[in-house]
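In our numbering, the protein residues as written are 3 to 140. Glycine included, every Cβ here is placed at the ideal spot set by N, Cα and C. One structure is given here, and the rest of the page talks about it.
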């Protein structure tokens with residue numbers, strides 16, 4: 003089965019630290035998955051691993067750091083790619099002032115169906131997003 007999606011035609015998964023849009027998923031019959039992920043300034047996602055999938059992350063824009071395995075913190079910026087092998091714990095941090103825009107791939111697909119954080123909001127395709135920043139207003 004062929005599948006074609008764009009960020010404008012799939013729902014948004016709003017997380018405490020950013021937003022994700024899964025363009026190609028295992029649910030569509032693909033052997034891998036592909037999504038756009040935005041980590042907000044000053045935010046990070048929790049330390050976790052994927053027991054059955056490799057992960058590849060490509061930085062579209064923004065600056066940050068990935069920790070891949072214990073004590074292996076890697077600075078990242080536009081054009082950088084990170085490979086996270088099956089089972090290796092990791093996290094990401096936006097260390098810049100602008101959103102950290104990532105292209106994320108899993109092989110085989112599947113981890114996109116469950117985020118490390120249980121609480122998230124699904125926003126239908128085409129609906130406006132309201133996102134907080136890392137700085138709370140008084």
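Per DSSP, what kind of secondary structure is residue i in: helix, strand or coil?
i: residue 67; result: strand
i: residue 56; result: strand
i: residue 32; result: coil
i: residue 22; result: strand
i: residue 7; result: coil
Could you pull out every residue in the same chain whose Cβ sits closer than 7 Å to the Cβ of residue i, ignoring the five residues on either side in sequence?
i: residue 119; result: Any answer about residue 119 is weak, because its pLDDT of 49 lies below 50 and its placement is not dependable; what the coordinates show is given next. Only 17, 18, 48 meet the Cβ criterion.
i: residue 12; result: 23, 24, 25, 127
i: residue 67; result: 75, 76, 77, 78, 95, 97
For residue i, collect the residues of the same chain with a Cβ closer than 6 Å to its Cβ; drop the 5 residues on either side in sequence, then sort them by chain order.
i: residue 83; result: 60
i: residue 63; result: 80, 103
How would you write the range of the beta strand (DSSP E) that residue i sits in, first residue to last?
i: residue 104; result: 102–109
In chain order, what residues of the same chain lie with their CB nearer than 8 Å to the CB of residue i, ignoring the 5 residues before and after it?
i: residue 40; result: 20, 21, 22, 101, 102, 103, 104
i: residue 50; result: 91, 92, 93, 118
Worksheet item: Would you say the region 40–50 touches the region 4–21, given that touching needs at least three Cβ pairs under 8 Å?
Response: yes
Practice prompt. Evaluate contact between the region 33–40 and the region 101–115, counting only Cβ atoms and requiring at least three cross-stretch pairs below 8 Å.
Written response: A contact exists between the region 33–40 and the region 101–115.
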